[in-house]
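One structure is given here, and the rest of the page talks about it.
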Amino acid sequence: MTTPLEPLVIEPQEIFFDPDYDVAQRKLITFTSQSLQMKTVFKIKLTHRDMYTVDPPNGFIKPGEKITVDLVLQPCEWSPEVAEKNKMLIQTLQVLPEDRNAVQDLFLMGVPPMDQKAY
């Protein structure tokens, strides 16, 4: 059985932060579109939104292009309990290039198929 290409190549595949949680830590994530004809819409969800800033948290990627997302861990008190429950989910949809709906509208409509990756 063959599977279709995933809409995005996400690098790095794993994100690690230094154990010094008293300072803000910035990581860059690159999203590269695999599609040659469709736009890719993405949305990033976090279990602890108050601990991070994400810029941009959602958006469009044109066919064959790439963007960089800024992920910043804010200074915080870290514990093993928080670490276990700390997850990031990246949702993606492929849409026609002429589709001008807002990102939020597309995800609210729940247009299948939606690809999801948990980190």
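Okay, so the sequence shown: first residue is 1 according to the UniProt record's numbering, each after it adds one.
Think of the CB as a built atom: it goes at the ideal place given N, C-alpha and C, for glycine as much as any other residue.
Three-state class that DSSP yields for residue i in the structure shown
i, result
"arginine 100", "coil"
"valine 82", "helix"
"methionine 51", "helix"
"aspartate 70", "strand"
"aspartate 22", "coil"
Buried or exposed by the 16-neighbour rule on C-beta atoms within 10 Å, applied to residue i
i, result
"leucine 36", "exposed"
"phenylalanine 16", "exposed"
"glutamine 74", "exposed"
"leucine 8", "buried"
"threonine 40", "buried"
"threonine 68", "exposed"
"serine 33", "buried"
"lysine 43", "buried"
First and last residue of the uninterrupted beta strand (DSSP E) at residue i
i, result
"glutamate 11", "8 to 11"
"methionine 88", "88 to 95"
"lysine 45", "39 to 46"
"serine 33", "25 to 33"
"isoleucine 61", "58 to 61"
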